[in-house]
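Engineer:
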Amino acid sequence: MNSRKIFVTIDLKSFYASVECRERDLAPMDVNPVIADESRTAKTICLAVSPELKSFGVAGRPRLFEVKKVRK
């Protein structure tokens, strides 16, 4: 029996950041959203950052304090 499996992957670039922008009626490529729970601590891990912030050297899953350094 010949068994073949096909896997499909989808790159959802900055998915959470884009969804949050759309929820707030903002253009995802024009703003710099950071998706994180600021009420925890400054060391909380961000769920998503915008493509523009990534172009400034911010990692895909940075700590919140790291993003705040770049945004100033």
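Per our numbering: the sequence shown ends with 243, consecutive numbering throughout. Glycine included, every Cβ here is placed at the ideal spot set by N, Cα and C. Given the structure is predicted, the values throughout are model-derived calculations rather than measurements.
(1) Which of helix, strand or coil does DSSP assign to Ala207?
(2) Could you give the DSSP three-state label for Val229: helix, strand or coil?
(3) Ignore the nearest five residues each way along the sequence and tell me which others in Asn203's own chain have a CB closer than 6 Å to its CB.
(4) Using the DSSP secondary-structure output, state which residues sit across from Ile216 in a beta bridge.
(5) Rounded to the nearest angstrom, what separates Val205 and Ala188 at their Cα positions?
Structural biologist: According to the data block:
(1) Counted from its first residue, the sequence shown places residue 207 at position 36. Shown here, Ala207 sits in coil according to DSSP, grouped into three states, outside any helix or strand.
(2) Working through the sequence shown from its first residue, we reach residue 229 at position 58. Per DSSP, reduced to three states, the secondary structure at Val229 is coil, with no helix or strand assignment.
(3) Position 32 of the sequence shown, counting from 1, holds the residue named residue 203. Cβ neighbours of Asn203 within its own chain (closer than 6 Å, five residues either side excluded): Ser221, Glu223, Leu224.
(4) Residue 216 sits at position 45 when you count from the first residue of the sequence shown. Beta-bridge pairing links Ile216 to Arg234.
(5) Translated into positions along the sequence shown, residue 205 becomes position 34. Translated into positions along the sequence shown, residue 188 becomes position 17. Each residue's Cα considered, the two are about 7 Å apart.
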